[in-house]
Every structure is written in structure tokens, then in C-alpha cells.
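Engineer:
Now the structure itself:
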């Protein structure tokens, strides 16, 4: 079958493709279909809205001073400036009335414009308050008391007898159940009764604290520093300067590092009113 007779040469690309593939089926493969050129919708002739030309009737910060002519958004002019009489529309007739030209006398918005009158009406910024330097609190000066005055206060304020209370430790029961009563009575008379031991000893630190509490009520006495090294307990059996039993003991208190004679006081350790703790008998373990 002969091809169609063409009276004239094709004038576009589409005609050339149609004549080159005249027998293609519309149900054929995709790559065999003729290429069709589509043209998008052009917006070249659509006018763009650049706003409306206005003339300011008052100074507007960030836009311009009074009598400035420029373009601004239609919504701003319609909703804000025109109702408040801040600007007017510049029509062709209005340009002729003012003797101006729409081509030469339309300027640009001035975003750097600031109305000085508005700034003058604003309250002046207060200078920052100077930062006050922290005041250093003066440390109380410790009063120096002469050793003679210290000895006088100790003699007057410290009582002659300082009393402590401790819980005594009861002596273990003697095993006299298997002997006769006469022998038990004789053994009890021959055995001397020694001082009772106590729970918690009385140390020189305890004595020094008690002396401090006695002299702290006086203004000068509160300045006296009594250390455990200034207290010595007389008549103890061991070298440890602690009282571990009930009774009365002599104590000497030295006057610091001076050569003045020390003062002597009595320390009495009495049984406490609390119930004396009795030793618990050892439990017998049963053989397994």
C-alpha cells in the first residue's frame, strides 16, 4: 500500500513525526507512540499587582516622612492608613492637581525613617543602677583577758563540786549456792567492796565543757578558752585521764600557759536515776 500523497512539505515537527510513522497502532508499546510537545500556560501577559501609589499625610516610621509618594500594599492602605487619614490615593487627577508626574515623582519606601517627635515622647531610659559591692562584715575582735583576770573568774564562777551522772555496772553475782550459809557470810565480810564501774567514762573533755558552760554567762568569761589539756584528774590508777567509776575526784585546772597557780575543784560521779543494767546470763547451747 502506498503512502498518502503530500501536497506540500511539512511545516512543523509534529507533521514530520506523523508522516514518518503513519502506520503506528494506538495500542502499541509506549516507546512507539509519537512524541507530543505540550506547552505550559504562559503568565507573561498576566499583570502583577505592585500595590497602589499613595501620598503620606503624616510621618510614618519605617515608611517615610510626610508628602512622600511611593507604592504600598492595597490592604495596608485600605484597612489602616486611609481610615486614619494617614495617606491618600494618588490618582492621575491628583497628580495633575499637585503638578507632579506619575513616572518621575514616585519614589521608594524609606525603611530607615524614624520620627524624632515620637522618640522624644517616649520615657527616657533609666541608667542602670550601680551594683552595690558586697559589704564585708567585720569579724568580732576577740578580747584579750589577762591571766590574773582568768584565774579570778574561774575561782568565782566555777562551783566547788562539778557533778556528773552515770549508770553503774553491777558486780557479777558470786557462785555461793553450793556452800553453807555460814561460809557465804564469812566470804562476803572478808571481800572488800570496791568502787562500781560505770557505763561511759567522764573525760577531761566533759569536764572542760562543764566549766565553759559555768563561765559563759559572764561577758569576760565567755572569752576564756578552756581546753581538755588544761584539765588534769588527780588520783587515777592508770595513765588515761578518764574517770571510769563512781566516786569523788580532785581536778586541777591550769591558767593557760601562765605561771599562775592552778585552781582545784572536785568532780563527783553519782549513779544515774535510770535503771541499772544487769548482766544477761549466758545462754546454754544445746548440742545438736
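Residue numbers (our numbering): 2 to 289. Think of the CB as a built atom: it goes at the ideal place given N, C-alpha and C, for glycine as much as any other residue.
From what residue to what residue does the alpha helix (DSSP H) around residue 214 run?
Structural biologist: Walking along the chain shown from the start, residue 214 turns up at place 213. Start and end: 205–216.
Engineer: How far does the alpha helix (DSSP H) with residue 54 in it reach, from first residue to last?
Structural biologist: Walking along the chain shown from the start, residue 54 turns up at place 53. Where residue 54 is concerned, there is no enclosing alpha helix (DSSP H), although the beta strand (DSSP E) it sits in stretches over 53–57.
Engineer: Using DSSP's beta-bridge definition, name the partner residues of residue 272.
Structural biologist: Position 271 of the chain shown, counting from 1, holds the residue named residue 272. In DSSP, residue 272 forms a bridge with 167.
Engineer: Give a yes or no on whether the C-beta atoms belonging to residue 158 and residue 216 are separated by under 8 Å.
Structural biologist: Translated into the one-based positions of the chain shown, residue 158 becomes position 157. Translated into the one-based positions of the chain shown, residue 216 becomes position 215. In contact: residue 158 and residue 216 (Cβ atoms closer than 8 Å).
Engineer: Whole-angstrom Cβ separation of residue 146 and residue 221, contact assumed at under 8 Å?
Structural biologist: Counting from 1 along the chain shown, the entry for residue 146 is found at position 145. Counting from 1 along the chain shown, the entry for residue 221 is found at position 220. Rounded, the Cβ-Cβ distance is 6 Å, consistent with contact.
Engineer: Which residue comes first and which comes last in the alpha helix (DSSP H) that contains residue 85?
Structural biologist: For the purposes of this step, residue 85 is taken as residue 84 along the chain shown, with counting starting at 1. Segment: none, residue 85 is in no alpha helix (DSSP H) and carries neither H nor E.
Engineer: Looking at residue 270 and residue 252, is the spacing between their C-beta atoms short of 8 Å?
Structural biologist: The sequence position of residue 252 within the chain shown is 251, counting from 1. The sequence position of residue 270 within the chain shown is 269, counting from 1. No, the Cβ-Cβ distance between residue 252 and residue 270 is not below 8 Å.
Engineer: Do you know how far the Cα of residue 155 is from the Cα of residue 171?
Structural biologist: The residue labelled residue 171 in the question sits at position 170 within the chain shown. The residue labelled residue 155 in the question sits at position 154 within the chain shown. Distance between the alpha carbons of residue 171 and residue 155: 36 Å.
Engineer: Give the straight-line distance between the Cα atoms of residue 160 and residue 152, rounded to the nearest whole angstrom.
Structural biologist: Taking the chain shown and counting its residues from 1, one reaches residue 160 at position 159. Taking the chain shown and counting its residues from 1, one reaches residue 152 at position 151. C-alpha separation (whole angstroms): 13 Å.
Engineer: Alpha carbon to alpha carbon, how far is residue 78 from residue 94?
Structural biologist: Along the chain shown, read from residue 1 onward, the residue named residue 78 stands at position 77. Along the chain shown, read from residue 1 onward, the residue named residue 94 stands at position 93. Taking the straight line from one Cα to the other gives about 19 Å.
Engineer: Measuring CA to CA, which of 13, 247, 101, 267 is closest to residue 69?
Structural biologist: For this step, residue 69 is matched to residue 68 along the chain shown. Measuring from the Cα of residue 69, the nearest candidate turns out to be 101.
Engineer: Apart from the five residues just before and just after residue 88, which ones in its own chain have a Cβ nearer than 7 Å to its Cβ?
Structural biologist: For the purposes of this step, residue 88 is taken as the residue at position 87 of the chain shown. Correct list, in chain order: 55, 56, 57, 58, 78, 82.
Engineer: Figure out for me which residue from 130, 72, 254 has the closest Cα to the Cα of residue 231.
Structural biologist: Indexing the chain shown from 1 puts residue 231 at position 230. Among 130, 72, 254, the Cα nearest to that of residue 231 is on 254.
Engineer: If you check the beta carbons only, do residue 65 and residue 114 fall under 8 Å apart?
Structural biologist: One-based indexing of the chain shown puts residue 65 at position 64. One-based indexing of the chain shown puts residue 114 at position 113. A contact, by the Cβ cut-off of 8 Å.
Engineer: Could you spell out the range, first to last residue, of the alpha helix (DSSP H) harbouring residue 237?
Structural biologist: Taking the chain shown and counting its residues from 1, the one referred to as residue 237 is at position 236. Premise fails: residue 237 is in no alpha helix (DSSP H) and is neither H nor E.
Engineer: Measuring alpha carbon to alpha carbon, tell me which residue in 214, 99, 60 is nearest residue 297.
Structural biologist: Residue 297 cannot be examined here, being either before or after the span of the chain that is shown, 2 to 289.
Engineer: Relative to the alpha-carbon of residue 51, which residue among 84, 71, 62, 204 has its alpha-carbon at the smallest distance?
Structural biologist: Residue 51 sits at position 50 when you count from the first residue of the chain shown. Measuring from the Cα of residue 51, the nearest candidate turns out to be 71.
Engineer: Using the rule of at least 16 other Cβ atoms within 10 Å of the residue's Cβ for burial, across every protein chain shown, is residue 203 buried or exposed?
Structural biologist: Numbered from its first residue, the chain shown carries residue 203 at position 202. Per the 10 Å Cβ criterion, buried.
Engineer: Can you name the start and end residues of the alpha helix (DSSP H) that residue 152 belongs to?
Structural biologist: On the chain shown, position 151 is the one that residue 152 refers to. From DSSP, the alpha helix (DSSP H) with residue 152 extends over 148–158.
Engineer: Return the Cβ separation of residue 268 and residue 208 in integer angstroms, given the expectation that the two are a contact with Cβ distance under 8 Å.
Structural biologist: On the chain shown, residue 268 is found 267 positions in, with the first residue counted as 1. On the chain shown, residue 208 is found 207 positions in, with the first residue counted as 1. That pair is a contact at about 6 Å.
Engineer: Output yes or no for whether 8 Å exceeds the beta carbon distance between residue 256 and residue 148.
Structural biologist: Locating residue 256 in the chain shown gives position 255, where the first residue counts as 1. Locating residue 148 in the chain shown gives position 147, where the first residue counts as 1. Contact flag set, yes.
Engineer: Could you spell out where the alpha helix (DSSP H) holding residue 110 opens and where it closes?
Structural biologist: Taking the first residue of the chain shown as position 1, residue 110 is located at position 109. Looking at the DSSP string, residue 110 is not in any alpha helix (DSSP H), and its letter there is neither H nor E.
Engineer: For the candidate residues 67, 91, 259, whose alpha-carbon lies nearest to that of residue 75?
Structural biologist: Your numbering for residue 75 matches position 74 in the chain shown. That would be 91, whose Cα lies nearest to the Cα of residue 75.
Engineer: Looking at the structure shown, is residue 257 part of a helix, part of a strand, or coil, going by DSSP?
Structural biologist: On the chain shown, residue 257 is found 256 positions in, with the first residue counted as 1. Looking at residue 257 - three-state DSSP - the assignment turns out to be coil, as it is neither helix nor strand.
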